[in-house]
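Protein chains: 2
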Amino acid sequence: MTEPGGAAGRVSQANAAAIRHVLDATPVLAGIARARDVVPGMADDLLLHAGPPITWDGMSGPVRGAMIGAMLYERWAATAGDAVRIAESGRIRFEPCHAHAAVGPMAGIVSPSMPVYVVENAAGGTRAYATLNEGYGKVLRFGAYDDDVLARLRWIEGTLAPVLGRALELMGGLDLRTLVAQALQMGDEGHNRNRAASALIGRLLAPHVVRTGASTDAQHDVFRYLAETDLAALNPIMAACKATMDAAHGMAGSTLVTAMARNGTEFGIRVSGLGDRWFTGPAEVPRGLYFPGFSGDDANPDVGDSTITETAGIGAFAMAAAPAVVRFVSGTARDALTSTLEMYEITLAENPAFGIAALDFRGTPTGIDVRKVVRTGILPRINTGIAHREPGVGQIGAGLVRPPRICFERALRALAEELET
Amino acid sequence: MTEPGGAAGRVSQANAAAIRHVLDATPVLAGIARARDVVPGMADDLLLHAGPPITWDGMSGPVRGAMIGAMLYERWAATAGDAVRIAESGRIRFEPCHAHAAVGPMAGIVSPSMPVYVVENAAGGTRAYATLNEGYGKVLRFGAYDDDVLARLRWIEGTLAPVLGRALELMGGLDLRTLVAQALQMGDEGHNRNRAASALIGRLLAPHVVRTGASTDAQHDVFRYLAETDLAALNPIMAACKATMDAAHGMAGSTLVTAMARNGTEFGIRVSGLGDRWFTGPAEVPRGLYFPGFSGDDANPDVGDSTITETAGIGAFAMAAAPAVVRFVSGTARDALTSTLEMYEITLAENPAFGIAALDFRGTPTGIDVRKVVRTGILPRINTGIAHREPGVGQIGAGLVRPPRICFERALRALAEELET
């Protein structure tokens, strides 16, 4: 047995404090602003991306495609060729969203002119940011960058963001903790499936949208976007998870995982007690269901910051709430239950705010403990979309993946070194 | 063994034809109209009510209260006292909604001026009608009739119905079969819980609501109603079930139950092969969860046409899709599964359009067979709201109930007599 005052005691105390921040978080969707104006450290020579740090040379196809698209969108480049030359020249910097209080699904690009959701976690004193979901088909986040993609991004900037932003202002903010709690009773797990949360956001905002003063056509198009985009809620929920986990980050001695993210080449984790270091390993190809005409051979390795949902105790960790999702991997309803049950083995707490009806309202397994992952050998489960490996193609499927074990082993070694000093 | 050409063979053939109509139904929410203009046989001396036929003398408190409210709403009476005198005078007639292609939750009153949803089942050549849900608190359907109740009914008539009706027209109708299928994957069972279906209706209609030409204030109020009324979808779904079951009604020899309904005093069923006869027994008091300050002593016996949902294979029959509902009776998630599993024992088919994710997308148990109920002794399960026994009080809880056994025994005896002739 280790003494309470020993290393194990210090870890327990640090983890108790860290998980308290996770459970007590009060993320509210406060509004929408331009990234340049609100994202900490955003600059006009900077593009943010999902996952741990990566250079242009190391980027996979879809992330490069999305970077090209962002440079065209910002009008830094007039052609894809120009954009590649700019990227190769070193004139612009690439940094992780996670280093700037932001998160992005798939390639996860945030450029200075993009509108972002602003999520405030007053309880934890944190803010986080995420772009607006583009919808389906050929979209920037899957590495597409043709004219349709850019036109859609400009519509988001010129119409969707102002209307939703003004509606949020009139509403006085939208409580994302309650939203997620309700959505988990409506078949969502908050990552791959967000139909309920998206519908609920729509109905909460609607009375305010009609008072924004926007034209009837603009309102019509915004409501059509909300009616068609089952993933509309993913991005604000990701920002809510980021604001939640950032509040628990930086507690000396804590073994709590505060970020899991993929840049399309590497999978990385960050740990509360280990500051801003990333512990990485090679990203794997998800196992899942492919759209007609595609297979695993076309798939890019795992990519995106959306694993912040699992990090915060929803997504695949709440699979028991969303049995329809297991269809992506030809699983059964029982698999959905056991997926969630397994995650209790590697987490620090159950979140009473997020009860799962199918488990008699047991709270979702919350807060991955690096020690438990290494000790049990159970790796976190992750739901995810699958991108084509070539830039410009887009989404080709959805499925499940686990992080590489080495990330957790490296983090645990670093924690042991910290505790020895 | 009975010969295929014998009575059992004839019943099987009739049931196969009847259940085909149920599974093939295509209910569409086509629009909104005034009851006087569309409900078959509606007249200016007629009030419709839930359940089997009943006289004023036999009516329970909440049904009388709702009748009083309807007479005030129609301006047939200026005071509750006047309304009672009119009711006692015999100058107006009381008939079941079910006799007029209509259904109504709880007291289920339809009066000539009320707006009604129009649901068309093109596959079955049927139409059905239901009033617009009033929301919560003191409402006519629970027997309340004060000024607030009447003001809300006039708002429904003057604002909600015209705006939603015009939006439905612009939309070209709303597919209720798809809506229910989606809602069953989102924690609804379509009777006590309709949050998902209501949110989905809201988001489908929203792009059209803004093009109705209604004032901003009217649109705001309509969207607020949709945001606050988790039962908004109940009434159109009930009408969809009625249009579905009416298509299967009147098939000689069929033992399929085509209606179960309560008038607050008696529970009644109708059977496909037995025409317009009702087979009744005394309505029971539901077992459930009461609002603070109320108990079973305050409860009215079971009331309402909303059991048309169970009759059509959703509601309590789809409980496995809605584990959150079992909280009303302090049940467990397992109880939700077994509730649905039990109903397979007394039904004729599984509806592939309504897959339940928690049962690996097995279709909901659909089409109650009178023979199976009597043979197994298993009575249909029903989810329901609970009304106060005094007029004017309103809802005091929600829970579960079963029909009296005698309804099914009487129907089976009548079927036997029919088959002998």
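Each protein sequence line maps, in turn, to chains A and B.
Just so we're aligned: 691 in the working numbering is position 406 of the first sequence, and the numbers increase by one with no gaps anywhere.
Just so we're aligned: 660 in the working numbering is position 375 of the second sequence, and the numbers increase by one with no gaps anywhere.
Here a beta-carbon is modelled for each residue, glycine too, at the ideal position from N, C-alpha and C.
All figures in this text were calculated on a predicted structure; none of them were measured in a lab.
1. Looking at the C-beta of D645/B, does it have a partner C-beta in chain A at a distance below 8 angstroms?
2. For A642/A, decide whether its Cβ has a neighbour in chain B, counting only Cβ atoms nearer than 8 angstroms.
3. So for R656/B, helix, strand or coil by DSSP?
4. Are the C-beta of L485/B and some C-beta of chain A separated by less than 8 angstroms?
5. Quick one: measure Cβ to Cβ for A696/A and F564/A, integer angstroms, because I've assumed they're closer than 8 angstroms.
6. Using a Cβ-Cβ cutoff of 7 angstroms, what residues of the region 492 to 517 of chain B are near chain A? List them in chain order.
7. Output needed for T625/B: all residues of its chain with C-beta closer than 6 angstroms, excluding positions within five of it in sequence on either side, in chain order.
8. Does any CB atom of chain A fall closer than 8 angstroms to the CB of R462/B?
9. Between the C-alpha atoms of G326/B and A320/B, what's the straight-line distance to the nearest angstrom?
10. Taking the C-alpha atoms as reference points, what is the distance between A299/B and R690/B?
11. Is there a Cβ of chain A sitting closer than 8 angstroms to that of M471/B, yes or no?
12. Is S580/A buried or exposed, if buried means 16 or more other CB atoms sit within 10 Å of its CB?
13. Looking at the C-beta of R666/B, does it have a partner C-beta in chain A at a distance below 8 angstroms?
14. Is the shortest distance between the beta-carbon of T617/B and the beta-carbons of chain A less than 8 angstroms?
15. Near P338/B, which residues of its chain fall below 6 angstroms by C-beta distance, leaving aside the five closest residues on each side in sequence?
16. Locate the beta strand (DSSP E) running through H306/A, then write down its first and last residues.
17. Can you name the residues of chain B whose CB is closer than 7 angstroms to the CB of L489/A?
18. What are the boundary residues of the beta strand (DSSP E) that includes R478/B?
19. Am I right that I522/B and V465/B are in contact with their C-beta atoms under 8 angstroms? What's the rounded C-beta distance?
20. With a cut-off of 8 angstroms on the beta carbons, I'd call T540/B and L308/B a contact; round off their distance for me.
21. Does any residue of chain B have a CB that is nearer than 8 angstroms to the CB of A481/A?
22. Given A452/B, which residues of its chain have a CB within under 7 angstroms of its CB, disregarding the five upstream and five downstream residues?
23. Given that a residue counts as buried once 16 or more other Cβ atoms are within 10 Å of its Cβ, and exposed if not, what is R715/A?
24. Which residues in the same chain have their Cβ closer than 7 angstroms to the Cβ of E288/A, if we skip the five residues on either side of it in sequence?
25. Report the residue ranges of all alpha helix (DSSP H) runs contained in full by the region 456 to 534 of chain A; include only those spanning at least 4 residues, in chain order.
26. Is there contact between the region 338 to 353 of chain A and the region 480 to 487 of chain A, where contact requires at least three CB pairs shorter than 8 angstroms?
27. Exposed or buried, what is M286/B when buried is set at 16 or more other beta-carbons lying within 10 Å of its beta-carbon?
28. Using CA atoms only, rank isn't needed, just tell me which of T444/B, L459/B, R376/B, G679/B is closest to W341/B.
29. Under 8 angstroms between the Cβ atoms of A568/B and V588/B?
30. Could you tell me the distance, in whole angstroms, from the CA atom of A518/A to the CA atom of T661/B?
31. Residues in the same chain with beta-carbon distance under 8 angstroms from T463/A, minus the five sequence neighbours each way, listed in chain order, please.
32. With a threshold of 7 angstroms on Cβ separation, who are the neighbours of V434/B within its own chain once the five nearest residues in sequence on each side are excluded?
33. In the DSSP assignment, find the beta strand (DSSP E) that holds T594/B and state where it starts and stops.
34. Please list the residues of the region 522 to 544 of chain A that have a C-beta atom closer than 7 angstroms to any C-beta atom in chain B, keeping them in chain order.
35. Candidates V655/A, A609/A, D645/A, I653/A: which alpha carbon is nearest A643/B's?
36. For E694/A, name the three-state secondary structure that DSSP assigns.
On the basis of the coordinates in this document:
1. Locating residue 645/B in the second sequence gives position 360, counting from the first residue. Taking Cβ atoms only, chain A reaches closer than 8 angstroms to D645/B, which makes this a yes.
2. As a position in the first sequence, residue 642/A is number 357, starting the count at 1. Yes, its Cβ sits closer than 8 angstroms to a Cβ of chain B.
3. As a working mapping, residue 656/B is identified with position 371 in the second sequence. In this structure, R656/B counts as helix in the three-state DSSP scheme.
4. Locating residue 485/B in the second sequence gives position 200, where the first residue counts as 1. Yes, contact with chain A.
5. Counting from one through the first sequence, the residue named residue 696/A turns up at place 411. Counting from one through the first sequence, the residue named residue 564/A turns up at place 279. Confirmed, Cβ separation roughly 4 angstroms.
6. P492, V495, R496, T501, Q504, H505, F508, R509, L511, A512
7. Here residue 625/B is taken as the residue at index 340 of the second sequence, counted from 1. Closer than 6 angstroms at Cβ, skipping near neighbours: M604, A605.
8. Here residue 462/B refers to the residue found at position 177 when the second sequence is read from its first residue. For R462/B, the answer is no, since every Cβ of chain A falls outside 8 angstroms of its Cβ.
9. Looking up residue 326/B in the second sequence gives position 41. Looking up residue 320/B in the second sequence gives position 35. Answer to the nearest angstrom: the Cα atoms are 10 angstroms apart.
10. Position 14 of the second sequence, counted from the start, is the residue given in the question as residue 299/B. Position 405 of the second sequence, counted from the start, is the residue given in the question as residue 690/B. Distance between the alpha carbons of A299/B and R690/B: 24 angstroms.
11. Your numbering for residue 471/B matches position 186 in the second sequence. True, the Cβ-Cβ gap to chain A drops below 8 angstroms.
12. Indexing the first sequence from 1 puts residue 580/A at position 295. Exposed, because fewer than 16 other Cβ atoms sit within 10 Å of the Cβ of S580/A.
13. On the second sequence, residue 666/B is found 381 positions in, with the first residue counted as 1. With 8 angstroms as the cut-off, R666/B does not count as an interface residue toward chain A.
14. Sequence index remark: in the second sequence, residue 617/B carries index 332 (1-based). Output row for T617/B: interface = yes.
15. Counting from 1 along the second sequence, the entry for residue 338/B is found at position 53. The residues are P381.
16. Position 21 of the first sequence, counted from the start, is the residue given in the question as residue 306/A. Here H306/A belongs to no beta strand (DSSP E); instead the alpha helix (DSSP H) covers 292 to 308.
17. On the first sequence, position 204 is the one that residue 489/A refers to. A512, listed in chain order.
18. What you label residue 478/B is simply residue 193 of the second sequence in a count that begins at 1. Looking at the DSSP string, R478/B is not in any beta strand (DSSP E), and its letter there is neither H nor E.
19. The residue you call residue 522/B lines up with position 237 of the second sequence. The residue you call residue 465/B lines up with position 180 of the second sequence. Right, the Cβ-Cβ distance comes to about 6 angstroms (below 8 angstroms), so this counts as a contact.
20. Position 255 of the second sequence, counted from the first residue, corresponds to residue 540/B. Position 23 of the second sequence, counted from the first residue, corresponds to residue 308/B. About 17 angstroms; that fails the 8 angstroms criterion.
21. Walking along the first sequence from the start, residue 481/A turns up at place 196. Closer than 8 angstroms: yes.
22. Numbered from 1 along the second sequence, position 167 holds the residue referred to as residue 452/B. Cβ neighbours of A452/B beyond the five flanking positions: L490, H493, V494, T497.
23. Because chain A is modelled from 286 through 706, residue 715/A falls outside the range shown and cannot be assessed.
24. On the first sequence, position 3 is the one that residue 288/A refers to. Only weak support is given to the placement of E288/A: the predicted model assigns it a pLDDT of 47, under 50, and the value that follows is read from those uncertain coordinates. Cβ neighbours of E288/A beyond the five flanking positions: G294.
25. 461 to 468, 480 to 494, 501 to 513, 519 to 532
26. no
27. Residue mapping note: residue 286/B aligns to position 1 of the second sequence, counting from 1. Reliability fails at M286/B, whose pLDDT of 42 lies under 50, so the model's placement of it is uncertain and no value is given.
28. On the second sequence, residue 341/B is found 56 positions in, with the first residue counted as 1. That would be R376/B, whose Cα lies nearest to the Cα of W341/B.
29. Residue mapping note: residue 568/B aligns to position 283 of the second sequence, counting from 1. Residue mapping note: residue 588/B aligns to position 303 of the second sequence, counting from 1. Yes, the pair counts as a contact, with Cβ atoms nearer than the cut-off.
30. Residue 518/A sits at position 233 when you count from the first residue of the first sequence. Residue 661/B sits at position 376 when you count from the first residue of the second sequence. If I take the Cα positions, the gap works out to 47 angstroms.
31. Reading the first sequence from its first residue, position 178 is the one you call residue 463/A. Closer than 8 angstroms at Cβ, skipping near neighbours: no residue.
32. One-based indexing of the second sequence puts residue 434/B at position 149. G354, K423, V424, L425, listed in sequence order.
33. Here residue 594/B corresponds to residue number 309 of the second sequence, with the count starting at 1. From DSSP, T594/B is part of no beta strand (DSSP E) but of the alpha helix (DSSP H) over 593 to 596.
34. none
35. Counting from 1 along the second sequence, the entry for residue 643/B is found at position 358. Among V655/A, A609/A, D645/A, I653/A, the Cα nearest to that of A643/B belongs to A609/A.
36. Locating residue 694/A in the first sequence gives position 409, where the first residue counts as 1. DSSP places E694/A in helix when its eight states are reduced to three.
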